[in-house]
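Please read the structure below before turning to the comments.
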Amino acid sequence: MIDLLGPLFLLLMVVCALAALNAKDLLSAVTIFGAFSFFSAVYFVVQDAPDVAFTEAAVGAVITTVFFVCAIQRTSEDDQ
Amino acid sequence: MRSTFGSPVLDAAARLLAPFMWLFAAYVVIHGHESPGGGFQAGVIVAASIILLRLVRGRLAASVLTSRDALTLACLGPLLYGGIGIASFFFGGNFLDYGVFPFPMEPSEVRAMGTLGIEIGVAVGVAGVLVLIFDALARWEDGTL
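Sequence order for the protein chains is A and B.
Position one of the first sequence corresponds to residue 1 (this note's numbering), numbered consecutively onward.
Position one of the second sequence corresponds to residue 1001 (this note's numbering), numbered consecutively onward.
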């Protein structure tokens, strides 16, 4: 059972990546990309790399998402 | 992003979360030797708490850390790192050879103290730089996004 956790989270990462690629607008793509980062952080925990998982959860899931949202905001401002 | 979110729930959650995020960052940087974590992660957590306050509280949180303060922090971190590295010259060691500091402790504890100083420098620098990146991206000026 515990052996299946790694493949499960890998599968969820693939699903999130495909969903982010097929998302209608950029904001939802960024949100799904945050979920992708979260699943990859959990996958790192399963693979006994808590230090990498910590960094991924802090940088990938929080800071990167905020920066992407800010970037989307600025580019859509300039379009108008 | 001309106005803040301003919901009372978000407001209360952000105000409640921010001090605990700072506490957790202090734990991460102090326990960086023997558990996951370290200066970089602690700096990211501090930056995340400040960005959370900026997003939710807006103008009301402008005094938490201004852009100029963030710039000062971003310069202070590398200064602390390099200062500890260069300070070991004065006690006859190499760069960052902080085992030579004349603290009244065991040699291993002196090394741990030196590493802690380095980690605090990294945390301060990373927090300042990440907040500065957010400010530059969101055009943060005096609490208006």
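Think of the CB as a built atom: it goes at the ideal place given N, C-alpha and C, for glycine as much as any other residue.
query, result
"Can a CB atom of chain B be found closer than 8 Å to the CB of A:D48?", "no"
"Give the DSSP-derived three-state secondary structure of A:D51 in the structure shown.", "helix"
"From this set, B:S1063, B:V1029 and B:A1025, which residue's C-alpha is nearest B:G1114's C-alpha?", "B:V1029"
"By the 10 Å Cβ neighbour count, where 16 or more other Cβ atoms means buried, how is B:S1007 classified, buried or exposed?", "exposed"
"For B:D1135, is the classification buried or exposed, using 16 other Cβ atoms within 10 angstroms of its Cβ as the cut-off for buried?", "buried"
"Determine whether the beta carbon atoms of A:F29 and A:A61 lie at a separation below 8 Å.", "It is worth fixing the name first, because residue 29 of chain A is Ala in this sequence and not Phe. No, the Cβ-Cβ distance between A:A29 and A:A61 is not below 8 Å."
"Are three or more beta carbon pairs between the stretch 1047-1064 of chain B and the stretch 1119-1138 of chain B nearer than 8 Å?", "yes"
"Identify whether B:E1106 lies in helix, strand or coil by the three-state DSSP scheme.", "coil"
"For A:T75 and B:A1074, I'd like the C-alpha separation in whole angstroms.", "27 Å"
"Would you be able to state if there are at least three C-beta pairs under 8 Å between the stretch 1079-1097 of chain B and the stretch 1009-1019 of chain B?", "no"
"Starting from B:R1068, follow the alpha helix (DSSP H) in both directions and report where the run begins and ends.", "S1067 to A1087"
"Going by DSSP in three states, A:F36 sits in which element: helix, strand or coil?", "helix"
"I'd like to check one pair, A:A53 with A:V66: are the Cβ atoms closer than 8 Å?", "no"
"Can you pull out the residues from the stretch 55-70 of chain A whose beta carbon lies closer than 8 Å to at least one beta carbon of chain B?", "T55, A58, V59, V62, I63, V66, F67 and C70"
"Considering B:V1009, what are the terminal residues of the alpha helix (DSSP H) in which it resides?", "P1008 to I1030"
"Report the rounded CA-to-CA distance for A:V59 versus A:L27, giving the unit in angstroms.", "18 Å"
"Restricting to Cα atoms, I'd like to know which of A:V15, A:C70 and A:Q47 is closest to A:F33.", "A:V15"
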